[in-house]
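Step one of this worksheet: look at the structure below.
Number of protein chains: 2
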Amino acid sequence: MNILEKISNELDTLSKSERKVAEVILSSPSTVIHSSIAALAKQANISEPTVNRFCRRLDTKGYPDFKLHLAQSLANGTPYVNRHVDENDSADEYTAKIFESTMANLELARKSLDTSLINRSVDVLTQANKISFFGLGASAIVAHDAQNKFFRFNVPVVYFDDILMQRMSAINSRQGDVVIVISHTGRTKSLVEVANLAKENDATVIGITTTGTPLAKECSIVLSLDVSEDTDLYMPMSSRIAQLALIDVLATGFTLRRGSKFRDNLKKVKDSLRSSRFDRKE
Amino acid sequence: MNILEKISNELDTLSKSERKVAEVILSSPSTVIHSSIAALAKQANISEPTVNRFCRRLDTKGYPDFKLHLAQSLANGTPYVNRHVDENDSADEYTAKIFESTMANLELARKSLDTSLINRSVDVLTQANKISFFGLGASAIVAHDAQNKFFRFNVPVVYFDDILMQRMSAINSRQGDVVIVISHTGRTKSLVEVANLAKENDATVIGITTTGTPLAKECSIVLSLDVSEDTDLYMPMSSRIAQLALIDVLATGFTLRRGSKFRDNLKKVKDSLRSSRFDRKE
DNA sequence: AGTGAGTATGAAATTTTATTTCATAATTTT
DNA sequence: AAAATTATGAAATAAAATTTCATACTCACT
Numbered sequence: 009m010n011i012l013e014k015i016s017n018e019l020d021t022l023s024k025s026e027r028k029v030a031e032v033i034l035s036s037p038s039t040v041i042h043s044s045i046a047a048l049a050k051q052a053n054i055s056e057p058t059v060n061r062f063c064r065r066l067d068t069k070g071y072p073d074f075k076l077h078l079a080q081s082l083a084n085g086t087p088y089v090n091r092h093v094d095e096n097d098s099a100d101e102y103t104a105k106i107f108e109s110t111m112a113n114l115e116l117a118r119k120s121l122d123t124s125l126i127n128r129s130v131d132v133l134t135q136a137n138k139i140s141f142f143g144l145g146a147s148a149i150v151a152h153d154a155q156n157k158f159f160r161f162n163v164p165v166v167y168f169d170d171i172l173m174q175r176m177s178a179i180n181s182r183q184g185d186v187v188i189v190i191s192h193t194g195r196t197k198s199l200v201e202v203a204n205l206a207k208e209n210d211a212t213v214i215g216i217t218t219t220g221t222p223l224a225k226e227c228s229i230v231l232s233l234d235v236s237e238d239t240d241l242y243m244p245m246s247s248r249i250a251q252l253a254l255i256d257v258l259a260t261g262f263t264l265r266r267g268s269k270f271r272d273n274l275k276k277v278k279d280s281l282r283s284s285r286f287d288r289k290e
Numbered sequence: 009m010n011i012l013e014k015i016s017n018e019l020d021t022l023s024k025s026e027r028k029v030a031e032v033i034l035s036s037p038s039t040v041i042h043s044s045i046a047a048l049a050k051q052a053n054i055s056e057p058t059v060n061r062f063c064r065r066l067d068t069k070g071y072p073d074f075k076l077h078l079a080q081s082l083a084n085g086t087p088y089v090n091r092h093v094d095e096n097d098s099a100d101e102y103t104a105k106i107f108e109s110t111m112a113n114l115e116l117a118r119k120s121l122d123t124s125l126i127n128r129s130v131d132v133l134t135q136a137n138k139i140s141f142f143g144l145g146a147s148a149i150v151a152h153d154a155q156n157k158f159f160r161f162n163v164p165v166v167y168f169d170d171i172l173m174q175r176m177s178a179i180n181s182r183q184g185d186v187v188i189v190i191s192h193t194g195r196t197k198s199l200v201e202v203a204n205l206a207k208e209n210d211a212t213v214i215g216i217t218t219t220g221t222p223l224a225k226e227c228s229i230v231l232s233l234d235v236s237e238d239t240d241l242y243m244p245m246s247s248r249i250a251q252l253a254l255i256d257v258l259a260t261g262f263t264l265r266r267g268s269k270f271r272d273n274l275k276k277v278k279d280s281l282r283s284s285r286f287d288r289k290e
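Sequence order for the protein chains is G and D.
Residue numbers for the first sequence follow the working numbering, beginning at 9 and rising by one.
Residue numbers for the second sequence follow the working numbering, beginning at 9 and rising by one.
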């Protein structure tokens with residue numbers, strides 16, 4: 009709770025001298041956080057112990073602790089929240105809202121993740137003979153991105169954003185293959201079918217989707233990602249970003265599991281791109 | 009400025025012992041604000057003067073002042089900081105680090121954006137005869153995603169992640185066309201050339217890139233997105249996510265500019281997908 | 001390897017700051 | 001108006017932070 013509010017609430021339960029302290033603090037809190045107890049006492053024309061008693065009355069441990077609370081209250085504490093864009097927002101406003109919602113949703117997504125399942129997924133991925141990423145629409149780009157990352161690891165990886173190719177690929181899968189199916193809604197019929205096909209062909213199916221969806225039921229491992237989309241705009245936004253962050257997590261887990269020699273290889277892959285770039289003059 | 013960010017930024021300018029202090033603080037900042045300098049010193053296995061020197065190096069007056077700053081940073085919503093993944097991190101740890109770094113970088117990216125330029129870009133986009141998105145590698149998926157979004161607006165939009173197609177498309181562009189070129193490094197030769205080609209053919213070229221890169225110099229409008237990538241892992245991570253958030257911003261600006269009737273249309277597009285999905289039983 | 005300049009570190013001393021104790025003053029109750 | 005209660009500050013004490021300084025370490029150069 010904001011301590012400044014608390015001070016003004018309890019103003020009348022305070023003694024005369026304590027109220028003097030309160031008034032000095034309320035009138036310029038930002039000065040107070042840089043004052044010692046002696047300076048504040050002098051400013052309020054009272055003694056140091058009075059300041060100390062004042063602090064304790066506000067349920068703080070003492071003056072330094074009180075200052076900490078005060079500092080926190082002063083820090084304009086707007087945590088990231090999901091704010092919907094409004095028709096009349098300026099560019100400034102909708103930009104801020106979108107970035108903030110994205111961050112708020114990443115936070116939500118992280119909370120819905122079960123890291124032990126991530127660990128198991130990484131296990132399965134490092135062991136895989138072949139890795140396939142399937143997605144449609146906005147999730148297709150996530151699958152695409154995943155291919156781009158895992159390709160660098162020099163493992164057999166494909167991605168498909170085409171229903172027929174996905175089906176054919178799923179039917180051809182076998183034990184030791186890992187199929188990662190990405191869908192925010194988890195209700196896209198053809199993807200659910202593909203997941204089922206892959207499972208019936210003994211592939212390990214990892215789903216990146218929302219908890220409790222039809223797709224989730226078909227998967228061997230469900231990496232649940234619960235985010236709240238801004239449905240007013242009729243476009244997938246936060247969901248695909250959370251999915252990408254999860255891909256980063258899986259890819260990172262993969263490289264860590266493979267050890268340091270493997271990571272030197274990644275550097276080589278990256279360095280191979282150098283000649284396609286303009287030098288950085290420093 | 010957030011002091012936690014500052015600590016992780018300056019991590020490599022610190023001495024060995026000071027870095028120990030930094031690590032203890034980063035790993036549990038909320039404990040530290042209730043610790044004395046002695047307690048923190050003990051926790052980090054170093055001496056009290058070292059803690060003091062550490063605080064001063066971060067431009068604070070001393071330990072109490074440092075705690076004040078820390079308290080403010082913690083109060084400020086969320087202590088998202090760019091923390092690099094370490095070789096021995098557990099799944100829990102690297103997951104947290106990646107999500108947090110992503111959020112921290114989104115915050116950074118937002119700060120580097122100039123909303124008046126976003127406004128101009130939206131102007132230009134709503135007026136465009138044709139919109140093209142170009143990207144390579146990780147930025148290709150951003151271009152892909154942008155196409156997916158703008159396609160819903162029923163405007164002529166294409167994306168290319170192939171150098172030759174990009175060149176051909178750039179050469180065929182003309183006044184009234186908008187070309188959006190996406191590249192984190194801004195140094196990919198072929199993309200810089202494509203931007204130049206498009207410009208010479210009178211298209212409006214919008215660059216989504218880092219400030220001051222060769223690509224930025226070729227663009228009519230530069231939407232600068234400065235993020236700090238975790239270079240240890242040799243993979244693009246935060247950059248593409250920031251780019252996607254920016255695409256969301258542009259797409260949102262576009263729909264807002266077009267008015268409410270236009271948004272009803274978006275709903276229709278979304279509803280058209282319904283039959284491809286399993287019903288939600290509620 | 002050895003030497004020396006420069007830097008980093010911690011033990012101890014000092015200073016600053018906060019808290020406790022206790023005597024006295026102010027206020028309230030009877 | 002006396003007694004009881006509460007509020008207050010001076011002084012003492014305790015705690016915390018900072019400074020000083022001697023020593024250990026690091027790195028560049030023989």
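Yeah, the Cβ is synthetic: ideal placement off N, Cα and C, and Gly gets one too.
Rounding to the nearest angstrom, what Cα-Cα distance links Y102 of chain G and A136 of chain G in this structure? Looking at the backbone, the Cα of Y102 of chain G and that of A136 of chain G are separated by about 43 angstroms.
Does the beta-carbon distance from I149 of chain D to D153 of chain G come in below 9 angstroms? The answer is yes: Cβ separation under 9 angstroms.
Can you tell which of G:L48, G:S98 and G:A47 has its C-alpha closest to the C-alpha of D131 of chain D? Among G:L48, G:S98 and G:A47, the Cα nearest to that of D131 of chain D belongs to G:S98.
First through last residue of the beta strand (DSSP E) which encompasses V189 of chain G: D185 to I190 is the extent of the beta strand (DSSP E) around V189 of chain G.
Residues of its chain near K75 of chain G, where Cβ-Cβ distance is below 6 angstroms and the 5 sequence neighbours each way are ignored: Take K75 of chain G, set aside five residues on each side of it, and the residues of its chain with a beta-carbon closer than 6 angstroms to its own are I41, in chain order.
Report the three-state DSSP secondary structure of R65 of chain G (helix, strand or coil). Helix.
Does the separation of the CB atoms of K28 of chain G and A52 of chain G fall below 9 angstroms? Closer than 9 angstroms, so yes.
Starting from S109 of chain D, trace the beta strand (DSSP E) in both directions and tell me its first and last residue. Following the DSSP letters along the chain, one finds S109 of chain D in no beta strand (DSSP E) but inside the alpha helix (DSSP H) bounded by residues A99 to S120.
Could you confirm whether any beta carbon from chain D is found closer than 9 angstroms to the beta carbon of H42 of chain G? Output row for H42 of chain G: interface = yes.
Have a look at T86 of chain G and K69 of chain G and give me their C-alpha separation to the nearest angstrom. Confidence at T86 of chain G is low in this model, with a pLDDT of 48, below 50, so the placement of that residue should be treated as unreliable; the coordinate-derived value is given next. Rounded to the nearest angstrom, the two C-alpha atoms are 26 angstroms apart.
For T86 of chain G, three-class secondary structure by DSSP: Bear in mind that the predicted position of T86 of chain G carries a pLDDT of just 48, short of 50, making it too unreliable to give a figure here.
Out of D:I45, D:I255, D:E226 and D:E208, which one is the CA nearest neighbour of L179 of chain D? Looking at the sequence provided, one finds Ile at residue 179 of chain D rather than Leu. With distances taken between Cα atoms, I179 of chain D lies closest to D:E208.
If you measure beta-carbon to beta-carbon, which residues of the stretch 119 to 130 of chain G are closer than 8 angstroms to chain D? Taking 8 angstroms as the Cβ-Cβ cut-off against chain D, the residues of the stretch 119 to 130 of chain G that qualify are L121, T123, S124, I126, N127 and V130.
Is the beta carbon of Q183 of chain D less than 9 angstroms from the beta carbon of A211 of chain D? In contact: Q183 of chain D and A211 of chain D (Cβ atoms closer than 9 angstroms).
Please state the DSSP three-state secondary structure of V132 of chain D. Helix at V132 of chain D.
Is there a Cβ from chain D that is less than 9 angstroms from the Cβ of R195 of chain G? R195 of chain G belongs to the set of residues whose beta carbon lies under 9 angstroms from a beta carbon in chain D.
Can you find a CB in chain D that lies within less than 9 angstroms of the CB of G85 of chain G? With a pLDDT of only 48 at G85 of chain G, under 50, the local geometry of the prediction cannot be trusted, and the value read off the model is given with reservation. Taking Cβ atoms only, chain D reaches closer than 9 angstroms to G85 of chain G, which makes this a yes.
Would you mind reading off the limits of the beta strand (DSSP E) that contains L231 of chain G? Run containing L231 of chain G: I229 to S232, per the beta strand (DSSP E) assignment.
Limits of the unbroken beta strand (DSSP E) element including F141 of chain D: Where F141 of chain D is concerned, the enclosing beta strand (DSSP E) starts and stops at K138 to G143.
In this structure, how does DSSP classify F303 of chain D when only helix, strand and coil are distinguished? With chain D running from 9 to 290 in the structure shown, residue 303 of chain D is simply not present.
For the stretch 257 to 274 of chain G against the stretch 116 to 130 of chain G, do three or more pairs of beta-carbon atoms, one drawn from each stretch, fall closer than 8 angstroms, so that the two count as touching? Here the stretch 257 to 274 of chain G makes contact with the stretch 116 to 130 of chain G; the two share three or more CB pairs at distances below 8 angstroms.
Using the C-alpha atoms, what's the distance from E115 of chain G back to V187 of chain G? Rounded to whole angstroms, V187 of chain G to E115 of chain G spans 26 angstroms at the Cα level.
Report the partner residues of R285 of chain G according to the DSSP bridge assignment. Note: R285 of chain G sits in a beta bridge opposite D:T196.
In whole angstroms, give me the CA-to-CA distance for Q251 of chain D and P37 of chain G. Whole-angstrom Cα-Cα distance: 40 angstroms.
From the DSSP output, in three-state form, read off G215 of chain G for me. In the structure shown, G215 of chain G adopts extended strand secondary structure according to DSSP, grouped into three states.
Does chain D have any CB closer than 9 angstroms to the CB of Y173 of chain G? Reading off the sequence, residue 173 of chain G comes out as Met, not Tyr. So no, M173 of chain G is outside the interface.
Mind pulling the chain G residues with CB within less than 8 angstroms of Q80 of chain D? Neighbours of Q80 of chain D on chain G, chain order: A79, Q80, L82 and A83.
Alpha helix (DSSP H) runs wholly inside the stretch 244 to 279 of chain G, at least 4 long, in chain order: Within the stretch 244 to 279 of chain G, the runs of alpha helix (DSSP H) that reach at least 4 residues and sit entirely inside it are, in chain order, 246 to 266 and 268 to 279.
Which chain D residues sit within Cβ distance under 9 angstroms of D67 of chain G? Going along chain D, no residue has its Cβ under 9 angstroms from D67 of chain G, so there is no contact; the nearest lies around 14 angstroms.
Are the C-beta atoms of E237 of chain D and some chain G residue less than 9 angstroms apart? No - not a single Cβ of chain G is within 9 angstroms of the one on E237 of chain D.
Can you list, in chain order, the residues of its chain with a C-beta nearer than 8 angstroms to that of S43 of chain G? Leave out the 5 residues immediately preceding and following it. Within the same chain, Q51 come within 8 angstroms of S43 of chain G by CB-CB distance, once the 5 residues on both sides are set aside.
Where does A203 of chain D land, buried or exposed, given buried means 16+ other C-beta within 10 angstroms? That one is buried.
Span of the beta strand (DSSP E) around V166 of chain G: It spans V165 to F168 - the beta strand (DSSP E) in which V166 of chain G sits, taken as one unbroken run.
One question on the structure: do L231 of chain D and G220 of chain D come within less than 9 angstroms of each other, judged by their Cβ atoms? Cβ atoms of L231 of chain D and G220 of chain D: not closer than 9 angstroms.
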